[in-house]
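Visitor:
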Amino acid sequence: MGMTEAILLTIATAATPLLIAAIGELVVERSGVLNLGVEGMMVMGAVGGFVVASLTGNPWIGVLAAIALGVLTSLLFAFLTISLAANQVATGLSLTILGLGASSLMGEKFVGQAGKKLGNLDLPVLSDIPLIGPLIFGQDPIFYISIALVIGVSWFLFRTRAGLTLRSIGNNHHSAHALGIPVLRYRYLAVMFGGACAGLAGGHLSLVYTPQWVENMTAGRGWIALALVVFASWRPARVLAGAYLFGAVSIGQLHAQALGIAVPSQLLTALPFLATIVVLVLISQNVRATLINTPAMLGRPFVPDR
Amino acid sequence: MRLELIKRSAPAPSMRILSPLLGLFLALIAGAIMFSALGKAPDRALYAFFIEPVSEMWSVHELLIKAAPLILMGAGLCICFQSNNWNIGAEGQMIVGAIFGAALPILLPDVQNFLILPLMLIFGILGGMLYGFIPALLKAKFKTNEILTSLMLVYVAQMLLDWIVRGPWRNPEGMNFPESRRFHEWARIPEMIPADGRANWGFVIAIIVAVALGIMLAKSLKGFEVKVIGTSPKAAQFAGFDRQKMIFFAFLLAGGCAGLAGIIEVAGATGQLRPTVSPGYGFTAIIVAYLGRLNPIGAIVAGLVLALTYLGGEAAQISLGLSDKIARVFQGLILFFVLACDTLILYKIRLTFGAAHKGAA
Numbered sequence: 071m072g073m074t075e076a077i078l079l080t081i082a083t084a085a086t087p088l089l090i091a092a093i094g095e096l097v098v099e100r101s102g103v104l105n106l107g108v109e110g111m112m113v114m115g116a117v118g119g120f121v122v123a124s125l126t127g128n129p130w131i132g133v134l135a136a137i138a139l140g141v142l143t144s145l146l147f148a149f150l151t152i153s154l155a156a157n158q159v160a161t162g163l164s165l166t167i168l169g170l171g172a173s174s175l176m177g178e179k180f181v182g183q184a185g186k187k188l189g190n191l192d193l194p195v196l197s198d199i200p201l202i203g204p205l206i207f208g209q210d211p212i213f214y215i216s217i218a219l220v221i222g223v224s225w226f227l228f229r230t231r232a233g234l235t236l237r238s239i240g241n242n243h244h245s246a247h248a249l250g251i252p253v254l255r256y257r258y259l260a261v262m263f264g265g266a267c268a269g270l271a272g273g274h275l276s277l278v279y280t281p282q283w284v285e286n287m288t289a290g291r292g293w294i295a296l297a298l299v300v301f302a303s304w305r306p307a308r309v310l311a312g313a314y315l316f317g318a319v320s321i322g323q324l325h326a327q328a329l330g331i332a333v334p335s336q337l338l339t340a341l342p343f344l345a346t347i348v349v350l351v352l353i354s355q356n357v358r359a360t361l362i363n364t365p366a367m368l369g370r371p372f373v374p375d376r
Numbered sequence: 175m176r177l178e179l180i181k182r183s184a185p186a187p188s189m190r191i192l193s194p195l196l197g198l199f200l201a202l203i204a205g206a207i208m209f210s211a212l213g214k215a216p217d218r219a220l221y222a223f224f225i226e227p228v229s230e231m232w233s234v235h236e237l238l239i240k241a242a243p244l245i246l247m248g249a250g251l252c253i254c255f256q257s258n259n260w261n262i263g264a265e266g267q268m269i270v271g272a273i274f275g276a277a278l279p280i281l282l283p284d285v286q287n288f289l290i291l292p293l294m295l296i297f298g299i300l301g302g303m304l305y306g307f308i309p310a311l312l313k314a315k316f317k318t319n320e321i322l323t324s325l326m327l328v329y330v331a332q333m334l335l336d337w338i339v340r341g342p343w344r345n346p347e348g349m350n351f352p353e354s355r356r357f358h359e360w361a362r363i364p365e366m367i368p369a370d371g372r373a374n375w376g377f378v379i380a381i382i383v384a385v386a387l388g389i390m391l392a393k394s395l396k397g398f399e400v401k402v403i404g405t406s407p408k409a410a411q412f413a414g415f416d417r418q419k420m421i422f423f424a425f426l427l428a429g430g431c432a433g434l435a436g437i438i439e440v441a442g443a444t445g446q447l448r449p450t451v452s453p454g455y456g457f458t459a460i461i462v463a464y465l466g467r468l469n470p471i472g473a474i475v476a477g478l479v480l481a482l483t484y485l486g487g488e489a490a491q492i493s494l495g496l497s498d499k500i501a502r503v504f505q506g507l508i509l510f511f512v513l514a515c516d517t518l519i520l521y522k523i524r525l526t527f528g529a530a531h532k533g534a535a
């Protein structure tokens, strides 16, 4: 395997968790709910995936556990913000605080243990084609899920009736309710989908990216995923582009550190976050695209009158 | 079973006070369940977590040390959140405040007189304000989401601190440990009652600031402006209140408070700059603000409560052999339950059984 392939592969591995978490949050936000707890759900997925994979010896069961924990965590958020109409910003933050705390508690005995890695796809002949082989036929299974998610979510949001309904709820929950659409049920499902994605993204971190458990191992990726949704102005294909851009930035800084470039390593570590800020500023310049795509009800609670 | 929210004709003021108490109570119950699940007798565990840390004088002092930054930042965030500015980067503003303030005793170790400490506090405030200015500017000029930018800047500040302590500001006589030189006596905040414990005058500063902010919010025109802009942007516009200016006001105020908290932390308890200055006080301060009803006076009480969770975590580690991570779980639970109970301010909750009655009541 050549150098180019290796770099492209690591970029894909770094981009995958960002992509999955962001695509989940995109669906949540399209329904008009702002869940700032992505980091919390993601880290719960990471710890759940790692612990269960270690205990059962099967990384696939770990992946399922990661998804399940993400959904469970998101249900806490859903209950507060949808059933109790609590402030979404504050509840999302509490979910992150709770997730970071609970995950370090759950994972404490597993710190430093070698994990179970989810193996890469290895097809005869196909995976051996130079360049394309490893990139298209030789990656980890979650990579393929992430691509399928982008296509699936695109199709769902813009080609199905349920997707149209979901977007209409995000744009005006009062009209949707007046039309007899069960607003709260749609939102519950959207939040749970977001939780499943965040959990899976966390599972990717602890089962593929670095198969071990480290406290706070998400290291701000949940927040970058949130920024990606804004960056993508709520379009799935642009989330894909954004995630790979950020994957490239974070891999670039790792390579720069390895090469011993005469820049403090801390500056390089801070680079993805600085890049996020710059990108957010640039994208907010484009007022029209933002206005067209931003779900108008984003962050506003809805209580049906009876 | 279904849960229905029924809007009250007016917000219930009693619930505004009762909700945090109810929330704390529910968090305690959840905590008791958690302790049982971890195989500890819940009564003894809760006692060790919440009572033992304040049963001795020296640990009360530790409580005040931890409460000072929480109260300061919580009070600043109250104003920020009330004006609808979502600064969640207090942690970063605290770090930069600590760096700015610490610059004086580290870079000018020979300047030793009574002026140095007040100057450090001012530098700390300026550092925090400067760092709070960035998300404010981006929000005001470019409409960039302040939640994301202020949070991203926390990671940047942490890396800046790490670099400066391991690199240029490393103690030349420090055996290569990643820490700055120790501050000289003039650069330390004196302890209040050294015979009893370590608590320093930083706690008093925090109380004074919180009370001043409380009075400002309740009595001044600026305070009124904060509340109007937060609750009713349209009315604020008619009144001629400037939302753009409020963004800067809120962020500079909260940033200044956080910067002050940062320099109080390093000039008080630690006495030098280390790679981490705060165990997440800036994020806990968000909980302080909410538990304190977004009221700076309330933040004093809430700051003490959350300081206790930090001490409780340490106590649980020592006397119960549990992880001090429990503290963070407790903090999350408190915010969670308080937010849930806040629903009762605006709504009554009704549980209905069986099939839904469409159109009933």
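From first to last, the protein sequence lines stand for chains A and B. Going by this note's numbering, the first sequence opens with residue 71, and the numbers climb by one from there. Going by this note's numbering, the second sequence opens with residue 175, and the numbers climb by one from there. Ideal Cβ positions, reconstructed from N, Cα and C, are used throughout, including at glycine. Given the structure is predicted, the values throughout are model-derived calculations rather than measurements.
#1: Cβ of residue 273(A) less than 9 Å from any chain B Cβ?
#2: Would you mind stating whether residue 403(B) and residue 410(B) have Cβ atoms separated by less than 9 Å?
#3: Go ahead and pull the three-state DSSP assignment for residue 535(B).
#4: Using 10 angstroms around the beta-carbon of residue 114(A), count the other beta-carbons present and answer buried if the total reaches 16, otherwise exposed.
#5: Would the stretch 163-175 of chain A count as touching the stretch 224-240 of chain A if we require 3 or more Cβ pairs under 8 Å?
#6: Under 9 Å between C-beta atoms, does residue 316(A) make it to chain B?
#7: May I have a chain-ordered list of the alpha helix (DSSP H) segments no shorter than 4 residues that lie completely inside the stretch 194-235 of chain B?
#8: Under 9 Å between the Cβ atoms of residue 137(A) and residue 266(A)?
#9: When the Cα of residue 364(B) is compared with those of 370(B), 234(B), 356(B) and 375(B), which residue comes out closest?
#10: List the DSSP bridge partners of residue 526(B).
#11: Just the C-alpha distance for residue 122(A) and residue 210(B), rounded to the nearest angstrom, thanks.
#12: For a cutoff of 9 Å on Cβ pairs, would you count residue 283(A) as touching chain B?
#13: In the structure shown, what three-state DSSP assignment does residue 181(B) receive?
#14: Classify residue 260(B): buried if its beta carbon has 16 or more other beta carbons within 10 angstroms, exposed otherwise.
#15: Which residues share a DSSP beta bridge with residue 365(B)?
#16: With a threshold of 6 Å on Cβ separation, who are the neighbours of residue 511(B) within its own chain once the five nearest residues in sequence on each side are excluded?
#17: Residue 521(B) bridges to which residues according to DSSP?
#18: Between residue 533(B) and the rest of its own chain, which residues show a CB-CB distance below 7 Å, the 5 nearest in sequence each way excluded?
#19: Considering just the uninterrupted stretch of the alpha helix (DSSP H) at residue 326(A), what are its terminal residues?
#20: On a Cα-Cα basis, can you pick out the residue from 221(A), 319(A), 244(A) and 174(A) that is closest to residue 343(A)?
#21: For residue 236(B) and residue 372(B), which I take to be in contact (beta-carbon distance under 8 Å), what is that distance rounded to the nearest angstrom?
#22: Are the stretch 305-316 of chain A and the stretch 156-163 of chain A in contact at 8 Å, needing three or more beta carbon pairs?
#23: Heavy atom of the ligand ADP less than 8 Å from the Cβ of residue 334(A), yes or no?
#24: Could you name the residues of the stretch 208-219 of chain B whose beta carbon sits closer than 7 Å to any beta carbon of chain A, in the order they occur along the chain?
#25: State the DSSP-derived secondary structure class of residue 229(A), mapped to helix, strand or coil.
#26: Chain B partners of residue 300(A), CB-CB under 8 Å?
#27: With the cut-off set at 9 Å, would you say residue 118(A) and residue 92(A) are in Cβ contact?
#28: Does the beta-carbon of residue 236(A) have 16 or more other beta-carbons within 10 angstroms, so that it is buried, or is it exposed?
#29: Closest to residue 294(A) by CA distance: which of 75(A), 110(A), 74(A) and 76(A) is it?
#30: Please check if any C-beta of chain A sits within less than 9 Å of the C-beta of residue 484(B).
#31: Where does residue 323(B) land, buried or exposed, given buried means 16+ other C-beta within 10 angstroms?
#32: Anyone know if the C-beta pair for residue 62(A) and residue 277(A) falls short of 9 Å?
#33: Out of 418(B), 336(B) and 360(B), which one is the CA nearest neighbour of residue 351(B)?
#34: Measuring CB atoms only, is the stretch 239-246 of chain A touching the stretch 343-357 of chain A, in the sense that at least three cross pairs come out at less than 8 Å?
#35: What do you reckon, are the CB atoms on residue 183(A) and residue 282(A) nearer than 9 Å?
#36: Between the alpha carbons of residue 264(A) and residue 144(A), how many angstroms are there, rounded?
Guide: Looking at the coordinates:
#1: In the first sequence, counting from the first residue as 1, residue 273(A) sits at position 203. Chain B, which has no Cβ nearer than 9 Å to the Cβ of residue 273(A), makes this no.
#2: Counting from one through the second sequence, the residue named residue 403(B) turns up at place 229. Counting from one through the second sequence, the residue named residue 410(B) turns up at place 236. Cβ distance < 9 Å, so residue 403(B) and residue 410(B) count as in contact.
#3: The residue given as residue 535(B) occupies position 361 in the second sequence. For residue 535(B), the predicted model reports a pLDDT of 37, less than 50, meaning its position is unreliable and no value from the coordinates is stated.
#4: Position 44 of the first sequence holds residue 114(A). It is buried - the Cβ of residue 114(A) has at least 16 other Cβ atoms within 10 Å.
#5: Contact fails: fewer than three Cβ-Cβ distances are below 8 Å.
#6: Your numbering for residue 316(A) matches position 246 in the first sequence. It does not; no Cβ of chain B falls within 9 Å.
#7: 216-220, all fully within the stretch 194-235 of chain B.
#8: Here residue 137(A) refers to the residue found at position 67 when the first sequence is read from its first residue. Here residue 266(A) refers to the residue found at position 196 when the first sequence is read from its first residue. Yes.
#9: As a working mapping, residue 364(B) is identified with position 190 in the second sequence. Looking only at 370(B), 234(B), 356(B) and 375(B), the smallest Cα-Cα distance to residue 364(B) is reached by 375(B).
#10: In the second sequence, counting from the first residue as 1, residue 526(B) sits at position 352. According to DSSP, which records beta bridges pairwise, residue 526(B) is partnered with 176(B).
#11: Residue 122(A) sits at position 52 when you count from the first residue of the first sequence. Residue 210(B) sits at position 36 when you count from the first residue of the second sequence. Computed Cα separation, rounded: 22 Å.
#12: As a working mapping, residue 283(A) is identified with position 213 in the first sequence. So, not an interface residue.
#13: The sequence position of residue 181(B) within the second sequence is 7, counting from 1. Looking at residue 181(B) - three-state DSSP - the assignment turns out to be strand.
#14: Here the question's residue 260(B) lines up with position 86 in the second sequence. So residue 260(B) counts as buried.
#15: Stepping through the second sequence from its first residue, residue 365(B) is reached at position 191. For residue 365(B), the pairing in a beta bridge is given by DSSP as 374(B).
#16: Counted from its first residue, the second sequence places residue 511(B) at position 337. Closer than 6 Å at the Cβ level, and outside the excluded window around residue 511(B), lie 197, 200 and 201.
#17: Taking the first residue of the second sequence as 1, we reach residue 521(B) at position 347. Per DSSP, the beta bridge partners of residue 521(B) are 181(B).
#18: The residue you call residue 533(B) lines up with position 359 of the second sequence. Reliability fails at residue 533(B), whose pLDDT of 42 lies under 50, so the model's placement of it is uncertain and the value that follows must be treated cautiously. Excluding sequence positions up to five before and after residue 533(B), its CB lies less than 7 Å from no other CB in the same chain.
#19: The sequence position of residue 326(A) within the first sequence is 256, counting from 1. It spans 306-328 - the alpha helix (DSSP H) in which residue 326(A) sits, taken as one unbroken run.
#20: Numbered from 1 along the first sequence, position 273 holds the residue referred to as residue 343(A). Closest option to residue 343(A), judged by alpha-carbon separation, among 221(A), 319(A), 244(A) and 174(A): 319(A).
#21: Here the question's residue 236(B) lines up with position 62 in the second sequence. Here the question's residue 372(B) lines up with position 198 in the second sequence. The beta-carbon distance between residue 236(B) and residue 372(B), rounded to whole angstroms, is 7 Å. This is short enough to meet the 8 Å contact definition.
#22: Here the stretch 305-316 of chain A makes no contact with the stretch 156-163 of chain A; the two share fewer than three CB pairs at distances below 8 Å.
#23: No copy of the ligand ADP appears in this structure; indeed no ligand is present at all.
#24: Of all residues in the stretch 208-219 of chain B, none has a C-beta nearer than 7 Å to a C-beta of chain A.
#25: Counting from 1 along the first sequence, the entry for residue 229(A) is found at position 159. Helix at residue 229(A).
#26: On the first sequence, position 230 is the one that residue 300(A) refers to. What residue 300(A) touches in chain B: 319 and 322.
#27: Reading the first sequence from its first residue, position 48 is the one you call residue 118(A). Reading the first sequence from its first residue, position 22 is the one you call residue 92(A). No; because the gap between Cβ atoms is not below 9 Å, this pair is not in contact.
#28: Stepping through the first sequence from its first residue, residue 236(A) is reached at position 166. Flag for residue 236(A) reads buried.
#29: The count along the first sequence starts at 1 and reaches residue 294(A) at position 224. Of all alpha-carbon atoms in 75(A), 110(A), 74(A) and 76(A), the one lying nearest the alpha-carbon of residue 294(A) is that of 110(A).
#30: Numbered from 1 along the second sequence, position 310 holds the residue referred to as residue 484(B). Between residue 484(B) and chain A, the shortest Cβ-Cβ separation is not below 9 Å.
#31: Walking along the second sequence from the start, residue 323(B) turns up at place 149. It is buried - the Cβ of residue 323(B) has at least 16 other Cβ atoms within 10 Å.
#32: As displayed, chain A neither begins before 71 nor continues past 376, which places residue 62(A) out of reach and without an answer.
#33: Locating residue 351(B) in the second sequence gives position 177, where the first residue counts as 1. Selected option, being the one with the closest Cα: 336(B).
#34: These segments do not touch.
#35: Position 113 of the first sequence holds residue 183(A). Position 212 of the first sequence holds residue 282(A). It is a contact, given that the beta carbons lie within the stated cut-off.
#36: On the first sequence, position 194 is the one that residue 264(A) refers to. On the first sequence, position 74 is the one that residue 144(A) refers to. Rounded to whole angstroms, residue 264(A) to residue 144(A) spans 8 Å at the Cα level.
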